[in-house]
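Going by my numbering, the first residue of the sequence shown is number 1, and it counts up by one from there.
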Amino acid sequence: MRIQHWQDAASLLVGVWLVASPFALGFSGAALWISIALGLGVVLFAVEAFIIPSYLEEWGEILMGLALVLAPWTFSYEQGSVTMSSVLAGIVVIVLACWELTIDRDFATWWHDRWHHRAG
Numbered sequence: 001m002r003i004q005h006w007q008d009a010a011s012l013l014v015g016v017w018l019v020a021s022p023f024a025l026g027f028s029g030a031a032l033w034i035s036i037a038l039g040l041g042v043v044l045f046a047v048e049a050f051i052i053p054s055y056l057e058e059w060g061e062i063l064m065g066l067a068l069v070l071a072p073w074t075f076s077y078e079q080g081s082v083t084m085s086s087v088l089a090g091i092v093v094i095v096l097a098c099w100e101l102t103i104d105r106d107f108a109t110w111w112h113d114r115w116h117h118r119a120g
């Protein structure tokens, strides 16, 4: 197991925060379970990046991040720390995943092979 990109370790920490945040911030109901489920998803994608490095887990993290950003309005969270935690964590996960995609050689090769030849 090896860390190729520091962004994966940072995503892992965000996922751990999401799992712990309901207990640290004291929220319950749907927000608790959604935060834990999406946090575990982020953790699993980050750990997968350590075990089988690939650019594909970043797409999963982007989807998890979008779900985190939209969850407060989709599931009518209370305004305040619950919404702030979900939205900020989602934005951080999306930014880290996009950042990693821009520096990943495998993704750059795939992108070049897939789209560069079609333009010519």
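Virtual Cβ for every residue (Gly too), placed ideally from N, Cα, C.
Best match in the options for proximity to residue i [C-alpha to C-alpha]
i	options	result
Gly41	Tyr77, Trp73, Ile103 and Asp8	Asp8
Pro22	Glu100, Ile94 and Thr83	Thr83
Glu100	Phe75, Glu57 and Trp73	Glu57
Trp17	Ser85, Leu96, Val95 and Cys98	Ser85
Val43	Gly29, Leu96, Ser28 and Val19	Val19
Pro72	Trp59, Gly60 and Leu88	Leu88
Leu32	His5, Cys98 and Glu78	Glu78
Glu48	Gly65, Thr102 and Gln4	Gln4
Exposure of residue i, with buried meaning 16 or more beta-carbon neighbours within 10 Å
i	result
Leu38	buried
Ile34	buried
Gly80	exposed
Phe75	exposed
Gly90	buried
Ile94	buried
Leu13	exposed
Leu70	exposed
Ser28	exposed
Ile51	exposed
Gly135	The chain is shown only over 1 to 120; residue 135 falls outside these bounds and no answer can be derived.
Ala24	exposed
Span of the alpha helix (DSSP H) around residue i
i	result
Gly90	Ser81 to Ile103
Ser35	Ala30 to Ile51
Glu57	Leu56 to Thr74
Gly26	From DSSP, Gly26 is part of no alpha helix (DSSP H); its letter is neither H nor E.
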